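Residues in the sequence shown are numbered consecutively from 138, following my numbering.
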Amino acid sequence: MELIILDKKTFQIKDHVNVSDAFEIKLDLVISQKSTFKLSTITVNAAIKDIVYLHTSEFNYIGIIESIDDEDDGLVIGTVEFKEMLKKSVKVNSYSGILADYIETLVRQEFVTNDDNKENITYLSISKETSKLGELAFEDDKIMTIHEVMELISKSYGVNIKEEIVIQNGVLVGILLRIINVSQGVKLKGDQLALADLVINDTTETSVNKVIYYPKSENVIHMDIKIYYLLLDGTVTQDLTHPLRFTDVQSVAKTYGDNDFDTLFSKAQSELSITRTNHQITFTVNIDHKIIRVFDNVNLGDFIEFRFKGKLYDSIVTGIKFQNQMLSCQITLGEYRIKLTEKIQILSKSVNSQIGHISINKSSTTDLDGGEY
Numbered sequence: 138m139e140l141i142i143l144d145k146k147t148f149q150i151k152d153h154v155n156v157s158d159a160f161e162i163k164l165d166l167v168i169s170q171k172s173t174f175k176l177s178t179i180t181v182n183a184a185i186k187d188i189v190y191l192h193t194s195e196f197n198y199i200g201i202i203e204s205i206d207d208e209d210d211g212l213v214i215g216t217v218e219f220k221e222m223l224k225k226s227v228k229v230n231s232y233s234g235i236l237a238d239y240i241e242t243l244v245r246q247e248f249v250t251n252d253d254n255k256e257n258i259t260y261l262s263i264s265k266e267t268s269k270l271g272e273l274a275f276e277d278d279k280i281m282t283i284h285e286v287m288e289l290i291s292k293s294y295g296v297n298i299k300e301e302i303v304i305q306n307g308v309l310v311g312i313l314l315r316i317i318n319v320s321q322g323v324k325l326k327g328d329q330l331a332l333a334d335l336v337i338n339d340t341t342e343t344s345v346n347k348v349i350y351y352p353k354s355e356n357v358i359h360m361d362i363k364i365y366y367l368l369l370d371g372t373v374t375q376d377l378t379h380p381l382r383f384t385d386v387q388s389v390a391k392t393y394g395d396n397d398f399d400t401l402f403s404k405a406q407s408e409l410s411i412t413r414t415n416h417q418i419t420f421t422v423n424i425d426h427k428i429i430r431v432f433d434n435v436n437l438g439d440f441i442e443f444r445f446k447g448k449l450y451d452s453i454v455t456g457i458k459f460q461n462q463m464l465s466c467q468i469t470l471g472e473y474r475i476k477l478t479e480k481i482q483i484l485s486k487s488v489n490s491q492i493g494h495i496s497i498n499k500s501s502t503t504d505l506d507g508g509e510y
């Protein structure tokens, strides 16, 4: 495989070097992950923050150089995903409307039309490919990174960013940020797929399964306290004595205004996080797997219904890792992480991991392995 090095400012090719089989490519939606490439050369024309581009028959990787280490057995380049450039702090404002417009404005103001020209990325372009509507509510004078805003929008509405290399007449000319919508999900039955290295880790924390809505003091019409309960089957009820209620109760309290009353049930569904991702499921699949086709029907950010030994996990593909060869890859579902360093990263984030507003119609959910649950 060949790694192309591009200048961070001009996007001109500086070098192209062969990569040995000792490489590790990590793609992750939850935390920052470092990919490493061992070079088959003793010199390389590259600098920190330069862009790397790796083209394979399976997928294309775009990264930013974070380290260049001269080890005993050769040079090793460490990179992070290109999306890490979005970890720039900005002041955010509440918004209601087309989410792609909001995202484009944030990115364009910071990286395309910035008054400080040194911060502009001249080879960056943006494509809006979804018209999904949404509402974002931020406290006054809120500071967040664009990356955190994107994570919030992705988890709340299923709108993501995907980066691609722009090629014109055989020449690499730029990077396109595509704002896209995840509208489909897939079902996987772990019992039937004979997945290699399958490991399931559930957090010991109790998910929120009860939400109490108190009327605001200024309400003039609605003064009732409304309580909703999450059931073991994932549905929501107001029945206090329902047999499917969680034994271990974890509740949160909220307030509502008169105008919120008619939407309390949908708010409760979001608050109770119907799509719960507080788990980590990892397994390995061959890149030529007949059912699970990585980057085709299973991609980063896709919604997954994963069933194993009678338990159903509503999840998201949050990690894809290749190591040493492109013959197989490790897939990670869910946002829970095991390593201490990864847990610290998650705790330091300002984005709530709860998912709301997303609903995938049954007709849009593909049952990859057939049959009935």
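C-beta: ideal position from N, C-alpha, C; glycine also.
Quick caveat: nothing in here was measured; it's all calculated off a predicted structure.
Item: As assigned by DSSP and simplified to three states, the class of Asn170; Value: Contrary to the premise, residue 170 reads as Gln rather than Asn in this sequence. Here Gln170 sits in coil by DSSP.
Item: Which of helix, strand or coil DSSP assigns to Gln246; Value: helix
Item: Continuous beta strand (DSSP E) stretch holding Ser231: start and end; Value: Careful: Ser231 lies outside any beta strand (DSSP E) and carries neither H nor E.
Item: For Ser490, three-class secondary structure by DSSP; Value: Only weak support is given to the placement of Ser490: the predicted model assigns it a pLDDT of 40, under 50, and the question is left unresolved by the model.
Item: Proximity to Phe174 [Cα-Cα], best of Asp165, Val296 and Asp210; Value: Asp210
Item: Nearest to Asn338 (by Cα), restricted to the options Tyr350, Thr469, Phe275 and Asp370; Value: Thr469
Item: Alpha carbon of Asn257 to alpha carbon of Ile263, nearest angstrom; Value: 13 angstroms
Item: Under the three-state DSSP convention, the category Ala390 falls into; Value: strand
Item: Reference Met138, options Phe196, Lys145 and Thr180, closest by Cα; Value: Phe196
Item: Start and end residues, alpha helix (DSSP H) containing Ser293; Value: Ile283 to Tyr294
Item: Cβ neighbours of Ile304 in the same chain (closer than 8 angstroms, five flanking residues each side left out); Value: Val310
Item: C-alpha distance - Glu161 paired with Leu191, whole-angstrom precision; Value: 12 angstroms
Item: Limits of the alpha helix (DSSP H) - the one that Gly327 falls within; Value: Gly327 to Leu330
Item: Beta-carbon contacts of Leu401 that lie in its chain and below 8 angstroms, excluding the five residues immediately before and after; Value: Tyr350, Lys363, Tyr365 and Tyr393
Item: Within 8 angstroms, strictly: CB atoms of Glu89 and Lys225; Value: The chain is shown only over 138 to 510; residue 89 falls outside these bounds and no answer can be derived.
Item: Nearest-angstrom Cα separation, counted from Lys163 out to Ile458; Value: First, the residue type needs correcting, since residue 458 is Lys and not Ile in the sequence shown. So the alpha carbons of these two residues sit roughly 5 angstroms apart.
Item: Bounding residues of the beta strand (DSSP E) (the contiguous stretch that carries Met463); Value: Gln462 to Leu470
Item: Simplified DSSP state of Ile481, which is helix, strand or coil; Value: Caution applies to Ile481, whose pLDDT of 49 falls short of 50 and renders its modelled position unreliable; the value that the coordinates give is listed next. Looking at Ile481 - three-state DSSP - the assignment turns out to be helix.
Item: Inter-residue spacing [alpha-carbon to alpha-carbon] between His153 and Ser172; Value: 17 angstroms
Item: Coil, strand or helix - Phe219 by DSSP; Value: helix
Item: C-alpha gap between Asn489 and Gln462, whole angstroms; Value: With a pLDDT of 45 at Asn489, under the threshold of 50, the modelled position of this residue cannot be trusted, and the question is left open.
Item: Whether Val167 touches Glu472 by CB criterion (8 angstroms); Value: yes
Item: Contact under 8 angstroms by Cβ, Phe445 with Gly322; Value: no
Item: Neighbour-count burial assignment, Met222, 16 or more Cβ in a 10 Å radius; Value: buried
Item: Helix, strand or coil at Ile240 according to DSSP, with G and I counted as helix; Value: helix
Item: Strand pairing of Asn338, partner residues [DSSP]; Value: Gln417
Item: Bridge partners - Thr374, DSSP secondary structure assignment; Value: Tyr366
Item: Limits of the unbroken beta strand (DSSP E) element including Tyr260; Value: Segment: none, Tyr260 is in no beta strand (DSSP E) and carries neither H nor E.
Item: Val345 - containing beta strand (DSSP E), residue span; Value: No beta strand (DSSP E) contains Val345, which DSSP labels as neither H nor E.
Item: Euclidean distance between Cα positions of Val229 and Tyr450; Value: 33 angstroms
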